[in-house]
Amino acid sequence: WIMGAHKGWKDQFKGYLLQPVDKDGKKIVCEDEYSKCPGYESEKGGFDWQWTQHTAFRIDSKSKKGVVYLTVFDNGDTRGMEQPAMAGMKYSRAVVYKIDEKAKTVEQVWEYGKQRGSEWYSSVTSLAQYQDDLDSVMVYSAVAGMQFDIAKGRPVGVPSPHINEFEWGAKEPSIEIKMTNAMGYQAFPFSLEKAFEK
């Protein structure tokens, strides 16, 4: 299967494209060859694809035969296959998707970040990963607050990486750590016990 906007795929791949559905399994119709879905258009969020994503991880403990849960950091660049009128309109999201492989459908189960706008936008890297031991999603927005000035050919603004942790399904983070004047590529939670086991 292919999880992404339907626009631009050759005929030989079109049969693998997933159909967005809501929580009741009802088909979600998207504009412009499925590149502009309701979440793209609505300020309140809703289903949208992942754009220039990083760290798509399968959640093994929630997946079962034929049903796959994924966490994805949706960086959000070229959302809807276009650039917004102003760079400050960009945003990133942490997303959980549920894929039914037999039905070839994808449901957006959870999202966070659109409401944070450009302050939380991370054009590169970053992470969203489910944590089994805490039934939570750990999120790292690596270069939040930094934009890229195409005319000048360099980044502008100071990156302010954010680390957030969300209880499964929560709309707001349980924890937020905001770093200033720092640059980071990735952040991964790890267990010292597991790291040093024989």
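Using this note's numbering, you'd call the opening residue of the sequence shown number 13 and step up by one each time. Beta carbons: idealized from backbone N, C-alpha and C, even for Gly.
Original post:
How about residue 134 and residue 104: do their beta carbons lie closer than 7 angstroms?
Top reply: In the sequence shown, the residue the question calls residue 134 occupies position 122. In the sequence shown, the residue the question calls residue 104 occupies position 92. The answer is yes: Cβ separation under 7 angstroms.
Original post:
Is the Cβ-Cβ distance between residue 124 and residue 139 less than 7 angstroms?
Top reply: In the sequence shown, counting from the first residue as 1, residue 124 sits at position 112. In the sequence shown, counting from the first residue as 1, residue 139 sits at position 127. Remark: C-beta atoms of residue 124 and residue 139 do not approach each other more closely than 7 angstroms.
**OP:** Count the other C-beta atoms from every protein chain shown that fall within 10 angstroms of the C-beta of residue 28, then say buried if there are 16 or more, exposed otherwise.
**Re:** Within the sequence shown, the letter at position 16 stands for residue 28. Residue 28 should be labelled exposed.
**OP:** To the nearest angstrom, report how far apart residue 110 and residue 32 are at their CA atoms.
**Re:** Position 98 of the sequence shown, counted from the first residue, corresponds to residue 110. Position 20 of the sequence shown, counted from the first residue, corresponds to residue 32. When rounded, the separation of the alpha-carbon atoms in residue 110 and residue 32 is 10 angstroms.
Original post:
Excluding sequence positions up to five away, which residues of its chain have a Cβ less than 6 angstroms from the Cβ of residue 69?
Top reply: The residue you call residue 69 lines up with position 57 of the sequence shown. Its chain contains 83 and 141 as the residues whose beta carbon lies nearer than 6 angstroms to that of residue 69, once the 5 sequence neighbours on both sides are disregarded; these appear in chain order.
Subject >> For residue 113, three-class secondary structure by DSSP >> reply: Counted from its first residue, the sequence shown places residue 113 at position 101. For residue 113, the three-state secondary structure derived from DSSP is coil.
**OP:** Pull up the CB-CB distance for residue 127 and residue 154, whole angstroms please, since I reckon it's below 8 angstroms.
**Re:** Counted from its first residue, the sequence shown places residue 127 at position 115. Counted from its first residue, the sequence shown places residue 154 at position 142. No, residue 127 and residue 154 are not in contact; Cβ-Cβ is about 19 angstroms, not under 8 angstroms.
Original post:
Mind pulling the beta strand (DSSP E) runs of 3 or more residues that sit fully within the segment 55-80?
Top reply: If we require 3 residues or more, the beta strand (DSSP E) runs fully inside the segment 55-80 come out as 66-70.
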